Amino acid sequence: MAGGSLTDPVDAGQDDWHRTVPGWHLAFATLAVLTAGLVVTGDAGPPAAERSTALFVLVLLCGWYGATGARALHRDHSRLGVVYLAGAVPLSAALFAVAPSGALMSFMLYPHIWALLPLRRAIGATVASVLSMAVVMVVRGDAYGQDLPSVMVVAAVALLAALVLGLWITRIIEQSRQRARLVEELAATRAELAEVSREAGALAERERLAREIHDTLAQGFTSVLLLLEAAKAGTCERDQAARGHLDQARRTAMDNLAEARALVAALPPPQLRGASLPDALGGLIERFEAETALDAAFTVTGTPRRLTPNEEVVLLRVTQEALANVRKHASGAGRLEGVLAYGTEGVTLRISDDGQGFDPGDAGTGFGIGGMRDRVTEVGGILTFGPARPAGTLVQVELPS
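Residue numbers for the sequence shown follow this note's numbering, beginning at 1 and rising by one.
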């Protein structure tokens, strides 16, 4: 068991003992005022020089407490506590030597010793303080009216009382700190249980969605592929345009089937498996150009680097949704431009077209602008959506480093 300081980094501001420190300040101030009053009026008429000296020592003791002791009681700072006691013990003895009423300040000195020092050091400091008081009484026997046997008895009783009080204070402090640690452990356990519960709920929801995707979308895409194969087989060889559209539809269905299977298996999107983010985005825009006949360009600036899986998935999904919006809403568009910029402060993705733009409120009921913004926010990014210059629509994502 150790007296220690009142607080430590773990339970600072949490244990009950720490909350009593303001009361200690009030008690110290009260005893100081009472001691000053007794020095002036109650010490059997001491000489004026001794009264002035006693008041001066008392002021020094109060100043030393305000500069070091009060701070040491508020924080886990054992060195500051030792510094305070190294000055407070001799100052208290000096005050007692000048004025008997100075003994009142020992009522705060002993609790400070046990609150600020470990057990063994507190015992040593208590013995030293009591002995210093006894020496004062022996040296100034004429002023205090005590012979050596009486001083020894008084010192023994004072030492016993101080040790009992100190051990009680130490136990109270330790119990308070243990209670604070227990409360913190309970709070941490509750947070862990909440996180486990959240993850369990997310896993259950993911499993439910996986079953739904497998039973609906995946099977539906499989059926679409079979129908497209049958339609292609029944199309004349010379009908190249129709066969081209069927090939594009087949590729789209296969890509979406791969997406559905990736969701079921909780895997990264197929575009990012075995490929970098710039390659994946460039592939999306290249295929978009082939399917829409728009003039599309994709540029990478800066030095490409790996992002977190979530960040790469978000940029991929935003690009897919932006391209889908251009298909549906960018009437009159003739050019699309994508830029992936790697900078020192983060990564920026810009997708812009030169069409007539569209009303975000008419963007459909799918992923949409709100879905893009939610995804970007989840990874700490910023989504900007608005008009491009000189015309068209701009979708921009900024992800900080």
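Cβ coordinates follow ideal geometry from the N, Cα and C atoms, glycine included.
This one's a predicted model, so the numbers in the text were calculated from it and none came from an experiment.
In the DSSP assignment, what are the bridge partners of residue i?
i: V339; result: T299, R350
i: P400; result: G346
i: T393; result: D353, P387
Is DSSP giving residue i helix, strand or coil here?
i: G386; result: strand
i: T308; result: coil
i: E444; result: The shown model of the chain, from 1 to 401, leaves out residue 444, and the question about it has no answer.
i: V407; result: Since the first residue shown for the chain is 1 and the last is 401, residue 407 is missing from the structure and cannot be characterised.
i: V379; result: coil
i: L294; result: coil
i: G274; result: coil
i: A280; result: helix
i: A333; result: coil
i: A27; result: helix
i: M137; result: helix
Counting C-beta neighbours from all protein chains within 10 Å, is the total for residue i 16 or more, i.e. buried, or is it exposed?
i: P390; result: exposed
i: T308; result: exposed
i: G381; result: buried
i: Q396; result: buried
i: P100; result: buried
i: Q404; result: Residue 404 falls outside the range modelled here, since the chain spans only 1 to 401, and no answer is possible.
i: D295; result: exposed
i: R375; result: buried
i: G81; result: buried
i: T299; result: exposed
i: F56; result: exposed
i: T30; result: exposed
i: E312; result: buried
i: G332; result: exposed
i: S401; result: exposed
i: G69; result: buried
i: V33; result: exposed
i: E229; result: exposed
i: E259; result: buried
i: F96; result: buried
i: F28; result: buried
i: G392; result: buried
i: G102; result: buried
i: T35; result: buried
i: L186; result: exposed
i: A191; result: exposed
i: L293; result: Sequence inspection shows Ala at residue 293; the Leu mentioned does not correspond to that position. So A293 counts as exposed.
i: L109; result: buried
i: A253; result: buried
i: L182; result: exposed
i: S197; result: exposed
i: G178; result: Per the sequence shown, the amino acid found at residue 178 is Gln instead of Gly. With fewer than 16 Cβ atoms within 10 Å of its Cβ, Q178 is classed as exposed.
i: Q271; result: buried
i: L193; result: exposed
i: T384; result: exposed
i: V326; result: buried
Can we count residue i as close to the ligand NAP, meaning its CB is less than 6 angstroms from some heavy atom?
i: L104; result: What this structure holds is no ligand at all, so the ligand NAP is not there to describe.
Practice task
Evaluate contact between the region 329-344 and the region 273-290, counting only Cβ atoms and requiring at least three cross-stretch pairs below 8 angstroms.
Solution key: Taking 8 angstroms as the limit for Cβ pairs, the verdict is that the region 273-290 does touch the region 329-344.
Exercise for the section: Identify every run of the alpha helix (DSSP H) within the region 37-124, keeping only runs that are complete inside it and at least 4 residues long; order them along the chain. Expected result: Here the runs fully enclosed are 48-64, 70-74, 78-98, 106-116.
Practice task
Pair every Cβ in the region 51-64 with every Cβ in the region 117-134, then say whether three or more of these pairs are closer than 8 angstroms.
Solution key: no
Exercise for the section: Decide yes or no for the touch test of the region 346-355 against the region 313-323: beta carbon pairs closer than 8 angstroms, at least 3 of them. Expected result: The region 346-355 makes contact with the region 313-323; the number of CB pairs closer than 8 angstroms reaches 3 or more.
Practice task
Indicate whether the contact test is met: 3 or more Cβ pairs, each with one atom in the region 109-123 and one in the region 76-95, closer than 8 angstroms.
Solution key: yes
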